[in-house]
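Okay, so here's the structure we're looking at.
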Amino acid sequence: MSVARTSGGPALRPRYRLRRVLAEVASVTLGLVLLIWSLTPVYNMLLIALDRDEGDIEFEGIIWPPDPSLHSFYTVLTQGYWLVEDFWHQFGNSFFIGLMTMFLTVLIGSLAGFAFGRMRSGKGWLVVNAPLLTYAVPASFLVIPFFRLMASYGLSNTLWAIIAANVTFATPYAILILQQYGKLIPIELDEAAQVDGASPVQVYRRIYLPLMTPALAAVGTYALLLAWNEYLYQYVLLSSTRNMTVAVAIAQFFNSDEAPWNYMMATAIIYSLPPIVIFYALRRYMAAGLTRGAVKG
Amino acid sequence: MSSTQQVLAAGPGVLNRRRRSSWHRHLHGSEFAWAIAFVVPYAAVFVAFVVYPIAYGLWMARDPSLYRDLIANPLYAQTVVNTVLYVGLGVNVKMFLALLLSGFFMRRRWWIKALLPVYILPWALPAIPAFVSFHWMLIGEEGLVDSVLSALFGIHGPLWFNDRRLALGSNIVAYIWKWMPFWTLTFLAGRMAIPQEIYESADVDGASGCRRFAHVIFPLLGNLYLVCTLLSTLWTVGDFTTVYLVSEGAPSYSTNVLATLGIHYAFEAAQPSLGVAAVMSALPVLIPIVIILMRTLRTREVQL
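From first to last, the protein sequence lines are chains B and C.
For the first sequence, my numbering begins at 769 and goes up steadily by one.
For the second sequence, my numbering begins at 926 and goes up steadily by one.
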């Protein structure tokens, strides 16, 4: 079978070339479709945010802002409107939640992933995969009991309640990824270190963590984005304006009678910037991790 | 535990790991204590924030009459149908497209490499701004979609959130938009782990395009695809933000999914037990999915 194709001779050449051209045209078309598909909602955000007028949007038939202005960004950054008067404080809250979620997920996940993956205790799949049981009850299904529980833990209306929820739902996936990636690192390294008298903590710090950097970056990014995407727990668990996050503040615009949608979109765009920056900064590590896996294969 | 799949995914080092793992299986006393110590932080989180809330939730929803109320309520029945449609269509279309697109992004062209960061943007963009933007794009004549339709083609676009099917479709499209890049990246990593020689020998054998996909790539990525689909299903059943922000359940609660209905009962209708019962009624479906997922991960090694 393998020879049949290649011995077709020159008669097949023009058809082959035509097919290549068609494939090229198809892939360029697909690329353009993907570009429009990915950017349209982002463009829509800019369109609304760049509108000068407060209040109602009069966008009928308009696909470009008639009088673009950065006025709404200025208002949000200087907290010049009552719905955004705590913007910087709320931004700080979002940052705190995101970074703590990232840190704790990487820490707790890597400790558990190390124990499950490197120090096989022979307890089998049930223990090792037990974290996945978390996903039997999706996060949004647990918010009502969580709301009650946080009161009994003394955490209601605190940022720690949100961090606890985020870490709870990010860690199982983190452990799964770390375990899978850990299989690429030869266990002989651990054994050699142990022979040299290294304790498990030293193996974890000196060998496991440095070699796992790409996977840790991937998991950390995942946790950060999970925290930044999360809305329900913040909406249910945080009640005071000072403890609110930007995500909740954005949704608050829907509840007000006035409709400064350009301010809302400006807030939303500013809120989107940090995870995008961090994501693209860490992407190099992630890519390195992925390709290293490929080289090993 | 081992299969050719595993060897392909993780390289030749795996072959001698098998022998070693039996040595590794018997931990010495102090090592076992260390292993326990490493797991303790996670175990604490698991007990405090998973086991306890689940038990508490089941206790809240223990009254059988709650479930009788639910089944008698036509809103609940419609919500179950919506959830099945939303998860069934959303997850499967998204995963299949992600698998195909991961192949597109494997192509070695500079502009495809440059396109990848743009394509990933929806995943990096936070959910709230993204879905609020979708809501505004589809708000009606003022929205961008209908504006473009009338500017380019002179069509009066539909009122997306006045029709149940269109509203449900809008939710699904927004969901696919947001999450497809994440899974595309996962499949891209999976494809990159396939040794280049396999592609080359497939090429020599004349398998290209569709045939290569069906007979070479899909069998190799099958396990990864299964695991990702199961995980994504579990996550999507609990998805609240998309429906809450894009269609807001409109028109008249007819596009709610279980997660938004539960919150609606608990916080707007002040019936928390009914809310918990509504969402807990999905457990008989979710628990088997988790068990299949765990067993798949046990029996076959998957490269994520």
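No residue lacks a Cβ here, since even glycine has one placed at the ideal position from N, Cα and C.
If you're wondering where the values come from, they're calculated on a predicted model, not measured in any experiment.
{"Asked": "Contacting residues, own chain, Cβ-Cβ under 7 Å from Val1168(C) (five flanking each side not counted)", "Found": "Asn1096, Gly1174, Thr1180, Asn1181, Val1182, Thr1185"}
{"Asked": "Where Gly799(B) meets chain C, residues with beta-carbon distance less than 7 Å", "Found": "Trp1036, Ile1037, Leu1040"}
{"Asked": "Within 8 Å, strictly: CB atoms of Val1201(C) and Gly1187(C)", "Found": "yes"}
{"Asked": "Contact list for Phe1165(C) against chain B, beta-carbon separation under 7 Å", "Found": "Ser908, Leu1000"}
{"Asked": "The stretch 1151-1162 of chain C in contact with the stretch 900-908 of chain B per 3-pair CB rule at 8 Å", "Found": "yes"}
{"Asked": "C-alpha gap between Val1073(C) and Ile1018(B), whole angstroms", "Found": "26 Å"}
{"Asked": "Partner residues on chain B for Arg1032(C), Cβ-Cβ distance less than 7 Å", "Found": "Ser795"}
{"Asked": "Arg1136(C) at chain B interface by Cβ criterion, 8 Å", "Found": "no"}
{"Asked": "Given 8 Å, three or more beta-carbon pairs between the stretch 1076-1088 of chain C and the stretch 1056-1068 of chain C", "Found": "yes"}
{"Asked": "Contacts of Ile1080(C) in chain B (Cβ-Cβ under 7 Å)", "Found": "Those do not exist, as Ile1080(C) stays about 12 Å from chain B at its closest Cβ, beyond 7 Å."}
{"Asked": "Backbone CA spacing between Leu992(B) and Phe937(B) [nearest angstrom]", "Found": "12 Å"}
{"Asked": "Outcome for Ser1007(B) when other beta-carbon atoms lying within 10 angstroms are tallied against a minimum of 16", "Found": "exposed"}
{"Asked": "Nearest-angstrom Cβ-Cβ length linking Gly877(B) and Leu946(B), presumed shorter than 8 Å", "Found": "6 Å"}
{"Asked": "Pairwise C-alpha distance: Asp1130(C) and Val771(B)", "Found": "Caution applies to Val771(B), whose pLDDT of 42 falls short of 50 and renders its modelled position unreliable; the value that the coordinates give is listed next. Computed Cα separation, rounded: 8 Å."}
{"Asked": "Interface residues of chain B facing Tyr967(C) [CB-CB closer than 8 Å]", "Found": "Ile876, Gly877, Leu879, Ala880, Pro899, Thr939, Ile943"}
{"Asked": "Interface partners of Pro989(C) on chain B, CB under 8 Å", "Found": "Those within 8 Å of Pro989(C) in chain B number zero; the least Cβ separation is about 19 Å."}
{"Asked": "Cβ separation of His1093(C) and Asn1007(C), assumed to be a contact under 8 Å, to the nearest whole Å", "Found": "A quick correction: the sequence has Leu, not His, at residue 1093(C). Correct: roughly 6 Å between the Cβ atoms."}
{"Asked": "Interface residues of chain C facing Leu917(B) [CB-CB closer than 7 Å]", "Found": "Tyr977, Pro978, Tyr981"}
{"Asked": "Contact under 8 Å by Cβ, Leu910(B) with Phe1021(B)", "Found": "no"}
{"Asked": "Opening and closing residue of the alpha helix (DSSP H) in which Gln847(B) lies", "Found": "First-last for Gln847(B): undefined, no H or E at that position."}
{"Asked": "Buried or exposed (CB count within 10 angstroms, at least 16 for buried), Arg788(B)", "Found": "exposed"}
{"Asked": "Alpha-carbon spacing of Leu1041(C) relative to Trp1061(C), whole angstroms", "Found": "26 Å"}
{"Asked": "Separation of Tyr1124(C) from Pro782(B), as counted between CA atoms", "Found": "24 Å"}
{"Asked": "Range of the contiguous alpha helix (DSSP H) that encloses Thr1069(B)", "Found": "Residue 1069(B) lies beyond the range of chain B shown here (769 to 1065); nothing can be said about it."}
{"Asked": "Limits of the alpha helix (DSSP H) - the one that Leu1156(C) falls within", "Found": "1143-1162"}
{"Asked": "CB-CB length for Tyr999(B) against Ala962(C), believed under 8 Å", "Found": "Incorrect: roughly 36 Å between the Cβ atoms, too far for contact."}
{"Asked": "Which listed residue (Ala986(B), Pro968(B), Tyr811(B), Val963(B)) has its alpha carbon closest to that of Phe957(C)", "Found": "Pro968(B)"}
{"Asked": "7 Å Cβ cut-off: residues of chain C touching Ala1019(B)", "Found": "Ile1053"}
{"Asked": "Chain B contacts from the stretch 1059-1070 of chain C (Cβ-Cβ distance under 8 Å)", "Found": "Phe1059, Trp1061, Met1062, Glu1066, Glu1067, Gly1068, Leu1069"}
{"Asked": "Helix, strand or coil at Ser990(C) [DSSP, three-state]", "Found": "helix"}
{"Asked": "8 Å Cβ shell around Gly1028(C) - same chain, five flanking residues per side excluded", "Found": "Arg1116, Phe1138, Ile1142"}
{"Asked": "Cβ pair Trp1048(C), Pro1106(C) closer than 8 Å", "Found": "yes"}
{"Asked": "Interface flag, Met813(B) vs chain C, CB-CB below 8 Å", "Found": "yes"}
{"Asked": "Beta-carbon spacing of Leu1146(C), Phe1112(C) below 8 Å", "Found": "yes"}
{"Asked": "Delimiting residues of the alpha helix (DSSP H) encompassing Met1031(C)", "Found": "No alpha helix (DSSP H) holds Met1031(C); DSSP gives it neither H nor E."}
{"Asked": "is_contact[Phe1143(C), chain B] using C-beta, thresh 8 Å", "Found": "no"}
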